[in-house]
Amino acid sequence: MGDGKINKNQHDPRKLIYTKQGERWLSQFDALDQETAKLLLNSLTLVSHTEFRRNLEALILDVSTNVAGPVALYAVRELKKEPNKCQLFSNHVVPFFDQVIKSNNGKNVNSIGISSDQGSEAIVAQIIRQLSKANPEKILNHPSKEELRVQRCDSLIFIDDYIGSGQRVSDFIDAFWRDRTIASWLSSKHIKIQVIAYSATAKGLRHLEFLKASPELIIYRDSATFTTLPIKVERKDALLKLCEKYGRKALKGRKHFWWGYQKSMSSLVFEHGCPNNTPAILWDPDDKKGKWVGVFPNRTVDTTTASVFPPEIVCGNTIQTLHDVGQTRLAMSGALMRRGAVGALILVVLGLIAKGQRKRSTICYATGLNSKDCELLLSKCIKWKFLTPERRITPRGLSELSAAKQTSFSPKGYLAVGSDYYYPRQLRATTYD
């Protein structure tokens, strides 16, 4: 489950600090602040091209298959806004089909903005194009409003890589809602809106839940933030103070970015780019005028830095995680090695929740599981009466933890890592359907 050592023959997010860019970045901190800076960098979730594309494509296909008729796919992007005549000093987004360009045959609209830097939206648009080519009758690539009517689409699926604050996706949905025809179809239930993203923060999802368009939200992985990491409160406070202290150097006049856009404090970075929801000290541009060097200058990832992005996200150092949340006895016991892979994950979940770490994003981060698999694991814990449906630990769960803490470490006689033949200690005399 991880011994704290870094295998130099494998991709490892913790190696980011040893890259040329990482070393330059770390050297800017005072000696007393460097350990906290290392914690900031080592706590990032690094998402490679392979991890992102494979899982986003699979999620899109899965969602599309569950819709009866054709689906219309659109890559989320920044849209034009205009002054709000009903509210002074306020803007609202221009209806989507009033600001796009139709193709020559009138069936499609442009998939990316004309003036955009074509970052994540271009990658998402390319994924949509490939999926549409493979499934032309089912998946429509940025269809025009007329084509939506002709094909009798059942769902508008908006796709993004990451939902941080939720504002960009909210504006995109609003651009469709402000189209009278689309609003009529939505109100009469002839069509629905679904939002698919690789990852999202809880804050971003809450922002979208109460929109008039009532979008269905589907994500692959919950995104932890630096404020929801499975670490002690004092270490979280140290990270916040670090971002403020050095944010003043990185972006003096842009305080709203010191902790990431809208104080999101996101800890997830894609190989195709670093979201502005992450703290500014990670990505502030390295230019001739700037005095600060970011790990991801101008939110880009260079070749050397990209080399440490793992092909897929797996469970990290669970022993260190348990130490970080104050489960020292459990971390030092032999239970994690003796219970098999699934059993070890269950103990980690129980250990986290017993210390008040109940957020799904925190559990996903600690276990390396995606949102769906995390829910399945939590369901098992609830079924075995270790947890309540509200994710609070039960007396039976505490008893299981207590028994695990008594397990002595032994290199012999335990189930091999990866084995699923785990039975909760408290349930070995009883089985449940």
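Sequential numbering from 218 applies to the sequence shown in our numbering. For each residue, glycine too, the CB sits at the ideal point set by N, CA and C. Remember, predicted model here, so these are calculated numbers, not experimental data.
Reference residue i, options the options, closest by Cα
i           : options               : result
residue 561 : 532, 578 and 493      : 532
residue 460 : 419, 422, 477 and 434 : 477
residue 479 : 586, 496 and 583      : 496
residue 442 : 522, 417 and 253      : 417
residue 272 : 301, 435 and 372      : 435
residue 277 : 318, 357 and 255      : 357
residue 372 : 346, 400 and 347      : 400
residue 651 : 427, 452, 426 and 470 : Outside the displayed span of the chain (218 to 650) sits residue 651, for which this structure offers no information.
residue 651 : 287, 366 and 339      : With the chain represented from 218 up to 650, any question about residue 651 goes unanswered, as that position is not in the structure.
residue 231 : 463, 522, 390 and 468 : 522
residue 363 : 389, 274, 325 and 351 : 325
residue 573 : 603, 542, 558 and 552 : 542
residue 431 : 454, 445, 450 and 402 : 402
residue 440 : 395, 520 and 486      : 486
residue 581 : 535, 552 and 547      : 535
residue 575 : 419, 515 and 472      : 419
residue 241 : 604, 514 and 359      : 514
residue 429 : 394, 444, 494 and 446 : 394
residue 484 : 563, 579, 559 and 566 : 579
residue 294 : 248, 384 and 309      : 384
residue 316 : 389, 370 and 354      : 389
residue 266 : 488, 286 and 352      : 488
residue 397 : 311, 468, 470 and 622 : 311
In DSSP terms, what residue i is bridged to
i           : result
residue 438 : 416
residue 300 : 308
residue 377 : 414
residue 521 : Paired residue(s): none; residue 521 is not in a bridge.
residue 262 : 485
residue 463 : Note: residue 463 sits in no beta bridge, so no partner.
residue 561 : DSSP, once it has assigned bridges, lists no residue as partnering residue 561.
residue 490 : 487
residue 604 : 610
residue 433 : 411
Beta-carbon proximity of residue i to residue j, cut-off 8 Å
i           : j           : result
residue 280 : residue 413 : yes
residue 245 : residue 512 : no
residue 263 : residue 525 : yes
residue 378 : residue 328 : no
residue 615 : residue 571 : yes
residue 361 : residue 319 : yes
residue 569 : residue 583 : yes
residue 433 : residue 348 : no
residue 490 : residue 517 : yes
residue 509 : residue 466 : yes
residue 392 : residue 313 : yes
residue 292 : residue 376 : yes
residue 492 : residue 368 : no
residue 606 : residue 268 : no
residue 618 : residue 604 : no
As assigned by DSSP and simplified to three states, the class of residue i
i           : result
residue 424 : helix
residue 358 : strand
residue 329 : coil
residue 585 : coil
residue 480 : helix
residue 505 : Low per-residue confidence applies at residue 505: pLDDT is 49, beneath 50, and the placement is therefore not dependable, though the value from the model is reported in the following sentence. Residue state, collapsed to three classes: coil.
residue 529 : coil
residue 610 : strand
residue 372 : strand
residue 220 : Model confidence at residue 220 stands at a pLDDT of 41, short of 50, so the residue's coordinates are unreliable; what they give is reported in the following sentence. Correct three-state label for residue 220: coil.
residue 290 : strand
residue 660 : Residue 660 lies beyond the stretch modelled for the chain, which goes from 218 to 650, so this question has no answer here.
residue 453 : helix
residue 319 : strand
residue 245 : coil
residue 574 : coil
residue 236 : coil
residue 550 : coil
residue 395 : coil
residue 231 : helix
residue 556 : coil
residue 346 : helix
Distance between beta carbons of residue j and residue i, contact taken as under 8 Å
i           : j           : result
residue 374 : residue 411 : 5 Å
residue 530 : residue 585 : 5 Å
residue 591 : residue 609 : That pair is no contact at about 17 Å.
residue 387 : residue 422 : With a Cβ gap of about 11 Å, residue 387 and residue 422 do not count as contacting.
residue 437 : residue 283 : No, residue 437 and residue 283 are not in contact; Cβ-Cβ is about 15 Å, not under 8 Å.
residue 234 : residue 290 : Actually they do not touch by this definition, with Cβ atoms about 38 Å apart.
residue 456 : residue 258 : Not quite, the Cβ-Cβ distance comes to about 11 Å (not below 8 Å), so this is no contact.
residue 602 : residue 613 : 5 Å
residue 405 : residue 481 : Actually they do not touch by this definition, with Cβ atoms about 36 Å apart.
residue 624 : residue 546 : Incorrect: roughly 10 Å between the Cβ atoms, too far for contact.
residue 301 : residue 309 : 5 Å
residue 212 : residue 553 : What is shown of the chain runs 218 to 650, which leaves residue 212 out entirely.
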